[in-house]
Amino acid sequence: MLKKTFMVALLAASLSTTAGLAGAREKAEKININTASVEVLDKQLKYVGKKTAKRIVAYRKAHGPFNSVDDLNEVHGIGTRVLKANWEKLVAE
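Residue numbers (this note's numbering): 2 to 94.
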């Protein structure tokens, strides 16, 4: 688990430098993982199907809102590959 957390943190640090360059248009297209429906998560995220989208929503209902996108790592079926593929379009607000 520590290795997985470290990898996610490393990925977050490397992507944060490019994320700061995003304009207002990209901000409008972000998916808020604290409010997105199963349908939005299923259709908008790479490597996330309906089953995993349902897990994200169920986790959110059981544990409260996500504090950061990194918290998605706690959801079964979400790993480094999914986070990396979707990082720039996700927010936890």
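Note that CB positions come from ideal geometry on N, CA and C, so glycine has one too.
Does the stretch 39-49 come close enough to the stretch 77-86 that 3 or more CB-CB pairs lie under 8 angstroms? Segments in contact, yes.
Give the C-beta separation of residue 42 and residue 54 to the nearest angstrom, bearing in mind that I take them to be a contact with Cβ-Cβ under 8 angstroms. Rounded to the nearest angstrom, the Cβ distance from residue 42 to residue 54 is 4 angstroms, consistent with a contact under 8 angstroms.
Beta-ladder partner(s) of residue 33, from DSSP: The partner list for residue 33 (beta bridge, DSSP) reads 92.
Helix, strand or coil: which one does DSSP assign to residue 73? helix
Just curious, the alpha helix (DSSP H) that residue 41 is in, first and last residue? 39-45
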